[in-house]
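Working notes for the structure below.
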Amino acid sequence: MPEKYWWLILVLPLLSAASVALVLRPFRAVSMGVSLLSAWVSFAVALWGFWSQAGSPESVRWMSVGGLSFQFGLVTDGLAKVMLLVVTGVGALIHLFSTGYMSEDPGKSRFFGCLSLFMFSMSGVVLSDNLAMTFVFWELVGVSSYLLIGFWFEKPSASAAANKAFIVNRIGDFGFMIGILTVWSLLGSLNYTQLQSFANDGRVAAVPAGLLTVAVLGLFCGAVGKSAQVPLHVWLPDAMEGPTPVSALIHAATMVAAGIYFLCRVFFLVELSPVALSVIAGIGGLTAIFAALIATQQDDIKRVLAYSTLSQLGYMVLAVGLGSPAAGMFHLTTHAFFKALLFLGAGSLIHAAHHEQNIWKMGGLGKKMPVTFVTFAIGTLALCGCPFLSGFYSKDAILIVAYETNRTLFWVALGTALLTSFYMTRLFVVSFLGEPRGDGAAHAHESPWAMTLPLVVLALLSIVGGYGSAITGALGLQGLPHTHPMAAVGGSVAVFVLGSLAGFLVYRGAKEEKITFKILKSKFYVDEIYEVCVVRASDAIAAVVGWMDTWIIGGVMVRGVALCASVTGQVFRIMQAGNVQVYAFWFALGVAVMLYWMMGR
Amino acid sequence: MIPTLDHYLVLSALVFCIGLAGVVMRRSLIVIYMSLELMLTASIIALAAFSRFNQSLDGQVLVFFIITVAAAEVAVGLAIIVALFRQRKTSHTDEIAWLKF
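So the protein lines, in turn, are chains R and L. With the working numbering applied, the first sequence corresponds to residues 1 to 601, in that order. With the working numbering applied, the second sequence corresponds to residues 1001 to 1101, in that order.
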């Protein structure tokens, strides 16, 4: 019964997280080992599953309420297999990296416990075979992300960032829930296989187009939250307050890709709603160019990478919106490799430069950290779309799709690619070349092997990730574009050369910012706008509601009633003087009144 | 003038009111006690008068009951007052006003 092994991918990280949380926390090295082991074994199982022909295990009945029955089942098609390999593979490498990066941290056990919890929930998102289960794991991913962003909770900025991420995600998840409920009420099933068959036999096409659009846009809302698309992108840059391996794993390679993965999973529904498709493509394109513009002016190495992630996620959403989920997944996979590599490289830099994250205080690190230097260079080239590296192929796939379907979005995507090359070259030149500009950078040294080994592996994957049909063939979705229009391919190479050259020429030997755009530096003032529109507005509403609560509910209704009782009590208290004679007097008076009442009238 | 039932009842009511006033207004427990007896006496007067004017002995039987009960009550009540006085060294009601919450 080989298909039962699929459960291991879920059970092992859960066991690891539970044992760390309940028993192993005081033993830091043991918890680290358990978590590391569970990650690597899960990866091994995922590898086995990728090559074997094992089908899905039988689903278990979770609960049934009335006519609604929830199954707990796993989906193991090509899409899930590829995503699972990315999640467990990158996850395992990052576990290894973390053993080096977090070796000094007193909260190491907690960190690895949370990491295992994340691996459990993320694998759950990938494997779940119905919307209800996806939603549960979706929320679990949110929780573990919250725990890891706020890992250094004693830093106020970290705990604020964790709250922000969680709350912003809740907004998206609300839409997600509406989408799920709409699908349930329209089609009466939440199971992907069943929904797919409904889509095939035309039952989905029979529902009113408006309602289907609502359902799809609701589901897309969830993806907007998790994949940090405009306008819910604000949490991702702040999430960089977490430890760098977390940024690499959750906020670059896997969790933020969950939204894209989910869109591909329900693409058979998405493609039936043209309105939703164009909204998705528009949001994707907007996010891509918007985040790329901001990234050109950031100084914090992790923030540049965060905005770059946003921009690339926008690319993937754009691909899905243009009707090619395969291109989106392809880019997701290669992006997971090189972005994890870049983040881990940044982690290695930060670790070496004594927690210095400002690129203007680095510089000259290339000679001191050769492995990091070379691998980071490979990651940068891959992200910029240098020909014959993985990023080139996946980015080209999206550009070709855009070229063939929507010329406006093609130019947007091409502009994004130009900006990408520019800001990545800027980041690379400023932090690695030139002279050291800070104390940390001056005394930097190469990181231990636990940190450099994942870098090397990821660098190899970033090079070869685009070759072969292993990834694209396994996807089993509508294939990638087969034509290669010269405009798209040539344009992509041209913008790579132009962007990198411009970045190199402008920032070579630079000691400070050469070009200043205030509006880009302050991220288009999105946070400030939200501060005014959302935070202040809700503060005002909260003030009104608070007033009602204090004065109407608390004042009139609760305290008013209490006051009545109390005043009545005070009045009666006067009668209770304690003197027998007074009681006798009241007694006599009472008798007199009663006599009058009974006989006098 | 031949006294009628009303005369007796008015007398009874007056005595009752005097007794009630004594109970409510006097401070000394002993005097209160005497006033209480006065109220009982008022009811005895009324009962005796009813008995006489209704040509029935029921009222007089009740009078004897009341006298007996009053005697027993005096025994118990005086015992309580003495015990109270021994404890508190006072027999004034306003100094033993602890019957409140």
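Every residue gets a Cβ at the ideal spot worked out from N, C-alpha and C, and that includes glycine. These numbers come from a predicted model, not from an experiment.
Query raised in the report: Which residues, in chain order, does the region 50 to 83 of chain R contribute to contact with chain L at a C-beta distance below 8 angstroms?
Result: So the list is empty, because no residue satisfies the distance condition.
Query raised in the report: What runs of the alpha helix (DSSP H), each 4 residues or longer, lie entirely inside the region 1036 to 1094 of chain L?
Result: Fully enclosed alpha helix (DSSP H) runs of 4 or longer: 1058 to 1088.
Query raised in the report: Of all Cβ atoms in chain R, is any one closer than 8 angstroms to the Cβ of residue 1020 of chain L?
Result: Contact of residue 1020 of chain L with chain R is assigned, a C-beta pair being separated by under 8 angstroms.
Query raised in the report: In the region 126 to 184 of chain R, which residue ranges form an unbroken alpha helix (DSSP H) of at least 4 residues, counting only runs that do not cross its ends?
Result: Taking only runs of at least 4 residues, the alpha helix (DSSP H) segments lying wholly in the region 126 to 184 of chain R are 131 to 149.
**Report entry** Test item: CB-CB of residue 263 of chain R and residue 271 of chain R under 8 angstroms
**Finding:** No, the pair does not count as a contact, with Cβ atoms beyond the cut-off.
Query raised in the report: What are the boundary residues of the alpha helix (DSSP H) that includes residue 1012 of chain L?
Result: First-last of the alpha helix (DSSP H) with residue 1012 of chain L: 1005 to 1025.
Requested in this report: Can you pull the chain R residues whose beta carbon is under 7 angstroms from the beta carbon of residue 1097 of chain L, in chain order?
Outcome: Within chain R, the residues near residue 1097 of chain L are 577, 578, 579.
Report task. Keeping to the same chain, check which residues put their C-beta closer than 6 angstroms to that of residue 461 of chain R; ignore five residues upstream and five downstream. Result -> Excluding sequence neighbours, residue 461 of chain R sits near 337.
Query - the region 1005 to 1032 of chain L: positions lying closer than 9 angstroms to chain R by Cβ - result: Listed in sequence order: 1020, 1023, 1024, 1025, 1026, 1027, 1029, 1032.
Report task. Drop a sphere of 10 angstroms on the beta-carbon of residue 1068 of chain L, count the other beta-carbons inside from all chains shown, and report buried for 16 or more, exposed for fewer. Result -> Around the C-beta of residue 1068 of chain L, fewer than 16 other C-beta atoms lie within 10 Å, and the residue is accordingly described as exposed.
Query raised in the report: Between the region 582 to 594 of chain R and the region 1008 to 1028 of chain L, do three or more beta carbon pairs fall short of 8 angstroms?
Result: They touch, by the three-pair rule.
Query raised in the report: What span of residues does the beta strand (DSSP E) with residue 272 of chain R cover, start to end?
Result: Note, residue 272 of chain R: premise wrong, no beta strand (DSSP E); not H, not E.
Report task. For residue 223 of chain R, count neighbouring C-beta atoms within 10 Å of its own C-beta (all shown protein chains included) and say buried if the count is 16 or more, exposed if not. Result -> Counting other Cβ atoms within 10 Å of its Cβ, residue 223 of chain R reaches 16 or more and is therefore classed as buried.
Requested in this report: From the DSSP output, in three-state form, read off residue 358 of chain R for me.
Outcome: Looking at residue 358 of chain R - three-state DSSP - the assignment turns out to be strand.
Query - Contact set between residue 585 of chain R and chain L, taken where Cβ atoms lie within less than 8 angstroms - result: Simply 1024.
Requested in this report: Run down chain R in chain order and give the residues with a C-beta less than 8 angstroms from the C-beta of residue 1093 of chain L.
Outcome: Neighbours of residue 1093 of chain L on chain R, chain order: 579, 580, 581.
Query - Among R:85, R:531, R:306, the one whose alpha carbon lies nearest that of residue 295 of chain R - result: When only C-alpha atoms are compared, the closest one is R:306.
Report task. Kindly list, in the order they appear in chain L, the residues whose Cβ is closer than 9 angstroms to that of residue 588 of chain R. Result -> Per Cβ cutoff of 9 angstroms: 1020, 1023, 1024.
Report task. State the start and end residues of the unbroken alpha helix (DSSP H) segment that holds residue 63 of chain R. Result -> Looking at the DSSP string, residue 63 of chain R is not in any alpha helix (DSSP H); the run it does join, the beta strand (DSSP E), is 60 to 65.
Query raised in the report: Grouping DSSP H, G and I as helix and E and B as strand, with all else coil, what is residue 69 of chain R?
Result: Residue 69 of chain R falls in the strand class under three-state DSSP.
Query raised in the report: So, are the CB atoms of residue 92 of chain R and residue 127 of chain R less than 8 angstroms apart?
Result: It is not a contact, given that the beta carbons lie outside the stated cut-off.
Requested in this report: Report yes or no: do three or more beta-carbon pairs, one from the region 6 to 15 of chain R and one from the region 44 to 60 of chain R, lie closer than 8 angstroms?
Outcome: As far as the Cβ criterion goes, the region 6 to 15 of chain R touches the region 44 to 60 of chain R, which means the pair count is three or higher.
Requested in this report: Have a look at residue 1027 of chain L and residue 578 of chain R and give me their C-alpha separation to the nearest angstrom.
Outcome: So the alpha carbons of these two residues sit roughly 14 angstroms apart.
Query raised in the report: Since residue 368 of chain R is in the alpha helix (DSSP H), which residue starts that stretch and which ends it?
Result: Start and end: 365 to 368.
Query raised in the report: Which class does residue 1028 of chain L belong to by DSSP, given the choice of helix, strand or coil?
Result: Strand.
Report task. Could you tell me whether the region 236 to 246 of chain R touches the region 176 to 189 of chain R, using the rule of 3 or more Cβ pairs below 8 angstroms? Result -> Contact fails: fewer than three Cβ-Cβ distances are below 8 angstroms.
Requested in this report: Can you tell me which of the three DSSP states residue 77 of chain R falls into?
Outcome: Taken through DSSP and simplified to helix, strand or coil, residue 77 of chain R comes out as coil.
Requested in this report: Kindly indicate which three-state DSSP category residue 201 of chain R falls into: helix, strand or coil?
Outcome: When DSSP states are grouped into helix, strand and coil, residue 201 of chain R belongs to the coil group.
Query raised in the report: By DSSP, does residue 299 of chain R sit in helix, in strand, or in coil?
Result: It is coil, neither helix nor strand.
Requested in this report: Output the distance between the C-alpha atoms of residue 1098 of chain L and residue 1035 of chain L, rounded to the nearest integer angstrom.
Outcome: Rounded to whole angstroms, the separation of the alpha carbons of residue 1035 of chain L and residue 1098 of chain L is 22 angstroms.
Requested in this report: Flag this pair as yes or no: are the beta carbons of residue 520 of chain R and residue 232 of chain R separated by less than 8 angstroms?
Outcome: Result no, Cβ atoms of residue 520 of chain R and residue 232 of chain R do not sit closer than 8 angstroms.
Query raised in the report: Which term fits residue 1094 of chain L, buried or exposed, when burial requires 16 or more other beta carbons within 10 angstroms of its beta carbon?
Result: That one is exposed.
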